[in-house]
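Read through the structure below, which is laid out as structure tokens, and then see the notes.
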Amino acid sequence: MEREPNELTPVFRQLRGMPGGSAAARARLERALAGTPPPVRTRRVLGLPPLSWAAGLIGLFLLGALVERRVVQPSAVAPPATVSGETATRPVQFVLVASDAQSVSLVGDFNDWDPSASPLERGEGGVWSVVLPLRTGQFTYSFLVDGREWRADPAALRAAGEDFGRPSSVLLVARAET
Amino acid sequence: MAVAQRGLRSVEVTDGELVERVLGGDPDAFNALVDRHYLPCLRFADRLIGNSADAEEAVQDTFVRAYRALGRYRDRQRLRSWLFRILVNRCRTQARRAERRFRLDHAAGERMSGSVMPAPAFEGELNPALRSALASLPAVQREALLLKHVEELSYEEMAAITGARVSALKMRVKRALETLSRTLGPEPHGT
Chain B
75 MEREPNELTP
85 VFRQLRGMPG
95 GSAAARARLE
105 RALAGTPPPV
115 RTRRVLGLPP
125 LSWAAGLIGL
135 FLLGALVERR
145 VVQPSAVAPP
155 ATVSGETATR
165 PVQFVLVASD
175 AQSVSLVGDF
185 NDWDPSASPL
195 ERGEGGVWSV
205 VLPLRTGQFT
215 YSFLVDGREW
225 RADPAALRAA
235 GEDFGRPSSV
245 LLVARAET
Chain U
48 MAVAQRGLRS
58 VEVTDGELVE
68 RVLGGDPDAF
78 NALVDRHYLP
88 CLRFADRLIG
98 NSADAEEAVQ
108 DTFVRAYRAL
118 GRYRDRQRLR
128 SWLFRILVNR
138 CRTQARRAER
148 RFRLDHAAGE
158 RMSGSVMPAP
168 AFEGELNPAL
178 RSALASLPAV
188 QREALLLKHV
198 EELSYEEMAA
208 ITGARVSALK
218 MRVKRALETL
228 SRTLGPEPHG
238 T
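Read top to bottom, the protein sequences are chains B and U.
Residues are numbered in this note's numbering as their position in the first sequence, beginning at 1, plus a constant of 74.
Residues are numbered in this note's numbering as their position in the second sequence, beginning at 1, plus a constant of 47.
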């Protein structure tokens, strides 16, 4: 490991010491986990998660309908959809033009920033896209290109919290007018 | 402890095997993962946010989110890196909330002593000079410094976790070290 300056050795000895933590906090965590539904294994078919198959089918339909807009404005698109109730979702298409990329993943609040959760499919001309069903609300997201380069959505609002250095964008999924 | 009695804390059991047990219907195996990673996560959150309550909340949120998303975890990456990716985001959220609280308190005329960090975390763990010096670092530098020199991650792992470029991370660590050397060196602190 790269070493810190010698004069800071005592400082890092302190910093590396483990905090005690509190029993109350651990108990709260155990209660929270006990109240959380157990995780379900996501099975992959032909190396792709099920969501990507569903998203691909929806995406093919939406890409056909939105191709003109997509090329002009590569951004997260929440197409008009009739949604009723707080828990309803609507399909949101995410598009990034990256002709030099070998892989692109969508990471954000909605998938716990998990690069394996929402891979984009490559289309003609280096246009990558994926469609996700999202609940109404505000989300922060980013594209992870080739597993290492984070890119904000070039056509979406930039997230305010970029003080930590990761470019990210904001998406507002509004409930459709009924 | 019940988990230890089942032998799940054995060092021979890898994180990946524990994940498989959880996904196979043994939720207690997740407790073993919590036992293994809780304190390092808490250490990072505490040092980064500087407030014990916020740090504990960020860590709790991290493990609950990880538990929910465990079905999507693939063993291609280290579980620790995956947890830290979630944790870094939760800490950023908590840090912003703490900052807003500080501004509101300050606007209301409440007296705040010392740095931006309003309350010492885990009393007695870090001496006040060190905590204050950490608090004085820009958030991006503090985050990079902790990941590199406390959690001992590689720059490539840090880039995957933080979304920053390796060159930017190296610069942040360098500047943080320079600031700490000026502030705290050469005298030993609290050892």
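No residue lacks a Cβ here, since even glycine has one placed at the ideal position from N, Cα and C.
Option in the options with minimal Cα separation from residue i
i, options, result
"P228(B)", "G211(B), V169(B), F184(B), T210(B)", "V169(B)"
"G200(B)", "A98(B), L89(B), V178(B)", "V178(B)"
"P84(B)", "H196(U), I208(U), V220(U), A206(U)", "H196(U)"
"A108(B)", "D82(U), R83(U), N78(U)", "N78(U)"
"N104(U)", "R139(U), S214(U), S228(U)", "For the sequence presented, residue 104(U) should be read as Glu rather than Asn. Considering only alpha carbons, the answer is R139(U)."
"S179(U)", "Y114(U), V69(U), W129(U), T226(U)", "T226(U)"
"T210(B)", "L245(B), A233(B), R240(B), E195(B)", "L245(B)"
"R87(B)", "E78(B), G94(B), G95(B)", "E78(B)"
"A175(B)", "A162(B), P113(B), R196(B), Q167(B)", "R196(B)"
"Q212(B)", "V166(B), R222(B), S173(B)", "V166(B)"
"V114(B)", "V66(U), A215(U), F110(U)", "V66(U)"
"L89(U)", "T110(B), R100(B), S192(B)", "R100(B)"
"L218(B)", "G182(B), V205(B), A233(B)", "G182(B)"
"V205(B)", "L180(B), E198(B), A162(B)", "L180(B)"
Opposing strand residues paired with residue i [DSSP bridges]
i, result
"K121(U)", "Reading off the sequence shown, one finds Arg at residue 121(U), where the question assumed Lys. Paired residues: none, contrary to the question."
"W129(U)", "BP columns for W129(U) are empty, so no partner."
"Q50(B)", "The question about residue 50(B) has no answer, for chain B in this structure spans 75 to 252."
Exposure of residue i, with buried meaning 16 or more beta-carbon neighbours within 10 Å
i, result
"M205(U)", "buried"
"E59(U)", "exposed"
"G240(U)", "Nothing about residue 240(U) can be read from this structure; chain U reaches only from 48 to 238."
"D220(B)", "exposed"
"N185(B)", "buried"
"D188(B)", "buried"
"T61(U)", "exposed"
"L231(B)", "exposed"
"V213(U)", "exposed"
"G91(B)", "exposed"
"V81(U)", "buried"
"D101(U)", "buried"
"D108(U)", "buried"
"S257(B)", "Since the first and last residues shown for chain B are 75 and 252, residue 257(B) lies out of range."
"E198(U)", "buried"
"G95(B)", "buried"
"A248(B)", "exposed"
"R132(U)", "buried"
Under 8 Å from the C-beta of residue i: neighbouring residues of chain B
i, result
"G253(U)", "What is shown of chain U runs 48 to 238, which leaves residue 253(U) out entirely."
"D93(U)", "P93"
"V197(U)", "F86, L89, R90"
"E204(U)", "Per Cβ cutoff of 8 Å: no residues; E204(U) is ~11 Å from chain B at best."
Contact belief for residue i with residue j at Cβ below 8 Å, rounded distance in angstroms
i, j, result
"R127(U)", "L181(U)", "About 22 Å separates the two Cβ atoms, so there is no contact after all."
"R164(B)", "L208(B)", "7 Å"
"L89(B)", "S228(U)", "Not really, about 14 Å apart at Cβ, beyond 8 Å."
"S242(B)", "Y215(B)", "6 Å"
"L70(U)", "G118(U)", "6 Å"
"G63(U)", "W224(B)", "With 8 Å as the limit, G63(U) and W224(B) do not qualify as a contact, their Cβ atoms being about 26 Å apart."
"E190(U)", "V135(U)", "7 Å"
Chain-ordered neighbours of residue i on chain B, where CB pairs are closer than 7 Å
i, result
"S228(U)", "P79, E81, L82"
"N136(U)", "W187"
"F77(U)", "L107"
"I133(U)", "D186, W187"
Partners in chain U for residue i, counting only beta-carbon separations shorter than 9 Å
i, result
"D227(B)", "Within 9 Å Cβ-Cβ: nothing; D227(B) doesn't reach chain U, min ~14 Å."
"S203(B)", "None at all; the shortest Cβ gap to chain U is about 20 Å."
"L103(B)", "V81, Y85, E103, V106, Q107, F110, V111"
"S216(B)", "G210"
Contact list for residue i against chain U, beta-carbon separation under 7 Å
i, result
"R240(B)", "T209, G210, A211"
Within chain U, the residues that residue i reaches when beta carbons sit closer than 8 Å
i, result
"T110(B)", "V111, Y114, R115"
"L245(B)", "Here the premise fails: no neighbours, minimum Cβ distance about 16 Å."
8 Å Cβ cutoff, residue i in contact with chain A
i, result
"A97(B)", "Looking at the structure shown, chain A is missing, and the protein chains on hand are B and U."
Closer than 9 Å at the beta carbon, the chain B residues around residue i
i, result
"R189(U)", "In chain order: nothing, as chain B lies at least about 10 Å away."
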